[in-house]
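Numbering (this note's numbering), first residue to last: 272 to 684.
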Ligand SMILES: Cc1cc2nc3c(=O)[nH]c(=O)nc-3n(C[C@H](O)[C@H](O)[C@H](O)COP(=O)(O)OP(=O)(O)OC[C@H]3O[C@@H](n4cnc5c(N)ncnc54)[C@H](O)[C@@H]3O)c2cc1C
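As structure tokens, then:
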């Protein structure tokens, strides 16, 4: 069959890989490079100020070791080397207080007294967190449906920390996290205990897209301008901005969900209902070499999950310290971080790269009809894939790719 895939992010490229040997695939990507939120400097992102000997990610970074089964299955199949990171997180408050990670305490306390003081500060956090884990252990996905995060997390210090980790995971403004769907957030938090390991990809995340490209036999159109997608009794017509009409047997939308109705020229009432509440979340990430904003807190140990409250009104951001993740010696090179929403804290002279991203703006309204999108995949020659159909992260993207490829190959993964 001739199949069009619209969107070349994780979901689109993984679906293309899984269907490659079975069907004739054409990918349409509106940006000039493929990868979606995978933005690996000196791989798919070229010409930045980063030393060309280094590779750093300015988007997708890490993957849960135990709880991303479909992701790890695909990476094994592609022969990708993963490495385990030392996972820790520190919380920095606008009032100058900070809560250190276990690793920060162990390695960087100046003396035993400091260790005890800092460990004592963590007691209410750990207690609240344990209570949260115990309370949410038995909650089912039916219980979580149509609920927001604020049903489960209040403003205690452990809850603030967890909400800031959700801001990090989903690149959402902190002010919107209380309204974030519990259906996605609570399972992630439940599986992200202090002992959870996060894997990184040796050579940067774009490495697995490179492996897919090595085997891909179809066609990729970057900077594609699709005007509309129409369905007929027998297949699909894609009309482009240059007035071409292209014919396919099936179409797979692997775009962010708010794009679907913009692209469909003949959306049904059901499709309008399923997609109309989705909105776009536009964000910017920075790669920079500034560590001076930690000095204010007396901290010289940096983690990849450092979350910052930046003002009393509740603005927040994160800084992911990259040297340990990428095995980069800060003395030979520099201290590198990936930051979100810390523009005012970071010295602009230290910024190496700015990256725009689009993600779905997750909300309870938007998620309400998600099960229908999954259940009706294939109707009217039309399929949908994307992280938003699963956990919103790479596991969701790859799981959706497997589901679509199962339907189109008749096999089960
Ligand atoms: C800064 C950041 C960091 C992240 N870090 C992690 C992480 O560490 N681990 C993790 O698991 N997840 C992370 N995520 C989540 C990440 O979004 C998902 O894991 C996954 O990469 C999403 O893949 P996707 O294919 O569903 O969507 P996307 O990556 O958004 O891909 C959609 C593609 O469709 C294209 N498109 C959109 N509209 C059109 C159109 N009209 N025509 C043609 N093409 C179109 C887009 O340009 C894009 O390439 C991160 C996200 C961000 C923003």
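We treat Cβ as the ideally placed atom computed from N, Cα and C, and that holds for glycine.
- Task: Tell me, to the nearest whole angstrom, how far the beta carbon of residue 668 is from that of residue 657; I am working on the premise that it is less than 8 Å.
- Result: To locate residue 668, count along the chain shown from 1; it is residue 397. To locate residue 657, count along the chain shown from 1; it is residue 386. Right, the Cβ-Cβ distance comes to about 6 Å (below 8 Å), so this counts as a contact.
- Item | residue 665, buried or exposed, once every other Cβ within 10 Å from all chains shown has been counted against 16 | If you number the chain shown from 1, residue 665 lands on position 394. So residue 665 ends up on the buried side.
- Boundaries of the alpha helix (DSSP H) in which residue 635 is found, first to last residue: Counting from one through the chain shown, the residue named residue 635 turns up at place 364. Per DSSP, the unbroken alpha helix (DSSP H) holding residue 635 starts and ends at 635 to 638.
- According to the neighbour-count rule (16 or more other Cβ atoms, all chains shown, within 10 Å of its Cβ), is residue 429 buried or exposed? Numbered from 1 along the chain shown, position 158 holds the residue referred to as residue 429. Buried.
- Message: By DSSP's criteria, residue 353 is part of a beta bridge. Which residues make up the other side?
- Response: Residue 353 sits at position 82 when you count from the first residue of the chain shown. The bridge partners DSSP lists for residue 353 are 472.
- Task: Just confirm the distance between the C-beta atoms of residue 570 and residue 362, as a whole number of angstroms; I'd bet it's less than 8 Å.
- Result: In the chain shown, the residue the question calls residue 570 occupies position 299. In the chain shown, the residue the question calls residue 362 occupies position 91. So it is not a contact: roughly 11 Å between Cβ atoms.
- Task: Assuming residue 332 and residue 596 form a contact by the criterion Cβ under 8 Å, report the distance between their Cβ atoms to the nearest whole angstrom.
- Result: Mapped onto the chain shown, residue 332 falls at position 61. Mapped onto the chain shown, residue 596 falls at position 325. 7 Å between Cβ atoms; contact.
- Query: Among residues of its own chain, excluding the 5 on either side of residue 537, which ones have a beta-carbon nearer than 7 Å to its beta-carbon?
  - Reply: Numbered from 1 along the chain shown, position 266 holds the residue referred to as residue 537. Within its own chain, the residues whose Cβ lies closer than 7 Å to the Cβ of residue 537, once the five positions on either side in sequence are excluded, are 501 and 502, listed in chain order.
- Anticipated Cβ contact below 8 Å, residue 322 with residue 604, distance rounded: The residue labelled residue 322 in the question sits at position 51 within the chain shown. The residue labelled residue 604 in the question sits at position 333 within the chain shown. At roughly 6 Å, the Cβ-Cβ gap stays under 8 Å, so residue 322 and residue 604 are in contact.
- Query: Is the CB-CB distance between residue 308 and residue 628 below 8 Å?
  - Reply: Indexing the chain shown from 1 puts residue 308 at position 37. Indexing the chain shown from 1 puts residue 628 at position 357. Against a cut-off of 8 Å, the Cβ pair of residue 628 and residue 308 comes out as a contact.
- Task: Mind reading off the beta-carbon distance from residue 284 to residue 480? Whole number of angstroms is fine, and I expect it under 8 Å.
- Result: One-based indexing of the chain shown puts residue 284 at position 13. One-based indexing of the chain shown puts residue 480 at position 209. The C-beta distance from residue 284 to residue 480 rounds to 6 Å, short enough to fall under 8 Å.
- Query: Would the beta-carbon of residue 634 fall within 8 Å of that of residue 450?
  - Reply: Sequence index remark: in the chain shown, residue 634 carries index 363 (1-based). Sequence index remark: in the chain shown, residue 450 carries index 179 (1-based). Taking a C-beta distance under 8 Å as the contact criterion, residue 634 and residue 450 qualify as a contact pair.
- Item | 3-residue-minimum beta strand (DSSP E) runs that sit fully inside the region 557 to 586, ordered along the chain | Complete beta strand (DSSP E) runs here, min 3: 576 to 580.
- Would you mind working out which of 317, 410, 600 and 616 sits nearest residue 624, comparing C-alpha positions? Taking the first residue of the chain shown as 1, we reach residue 624 at position 353. Checking every option, the nearest Cα to that of residue 624 belongs to 317.
- Query: Which one of 423, 653, 328 and 564 has the shortest CA to CA distance from residue 619?
  - Reply: Position 348 of the chain shown, counting from 1, holds the residue named residue 619. Out of 423, 653, 328 and 564, 564 has the C-alpha closest to the C-alpha of residue 619.
- Residues in its own chain within less than 7 Å of residue 422 by CB, not counting five upstream and five downstream? As a first step, residue 422 is located in the chain shown; it is residue number 151 there, counting from the start. Excluding positions up to five away in sequence, the list reads 453.
- Message: ligand 1 and residue 422: does any heavy atom of the ligand fall closer than 7 Å to the residue's C-beta?
- Response: Here residue 422 refers to the residue found at position 151 of the chain shown. Distance from the C-beta of residue 422 to the nearest heavy atom of ligand 1 is not below 7 Å.
- So, are the CB atoms of residue 551 and residue 626 less than 8 Å apart? Here residue 551 refers to the residue found at position 280 of the chain shown. Here residue 626 refers to the residue found at position 355 of the chain shown. For residue 551 and residue 626, no; Cβs fall outside 8 Å.
- What three-state label does DSSP hand residue 275 in the structure shown? What you label residue 275 is simply residue 4 of the chain shown in a count that begins at 1. Residue 275: strand per DSSP, three-state reduction.
- Item | Distance between residue 275 and residue 303 (C-alpha atoms, nearest Å) | Along the chain shown, read from residue 1 onward, the residue named residue 303 stands at position 32. Along the chain shown, read from residue 1 onward, the residue named residue 275 stands at position 4. The straight-line gap from Cα to Cα measures roughly 18 Å.
- At what residues does the alpha helix (DSSP H) containing residue 379 begin and finish? Locating residue 379 in the chain shown gives position 108, counting from the first residue. Going by DSSP, residue 379 is part of the alpha helix (DSSP H) stretching over 373 to 379.
- Can you name the residues that DSSP bridges to residue 516? Residue mapping note: residue 516 aligns to position 245 of the chain shown, counting from 1. Beta bridge pairing from DSSP links residue 516 with 510.
- Where the alpha helix (DSSP H) containing residue 341 begins and where it ends: By one-based count along the chain shown, residue 341 stands at place 70. Looking at the DSSP string, the run of the alpha helix (DSSP H) that includes residue 341 is 340 to 348.
- Check whether the Cβ of residue 442 lies closer than 7 Å to any heavy atom of ligand 1, and answer yes or no. The residue you call residue 442 lines up with position 171 of the chain shown. Within 7 Å of the C-beta of residue 442 there is at least one heavy atom belonging to ligand 1.
- Can you name the residues that DSSP bridges to residue 522? Walking along the chain shown from the start, residue 522 turns up at place 251. In DSSP, residue 522 forms a bridge with 275 and 653.
- The alpha helix (DSSP H) enclosing residue 334, as first and last residue numbers: Counted from its first residue, the chain shown places residue 334 at position 63. Here residue 334 belongs to no alpha helix (DSSP H); instead the beta strand (DSSP E) covers 333 to 335.
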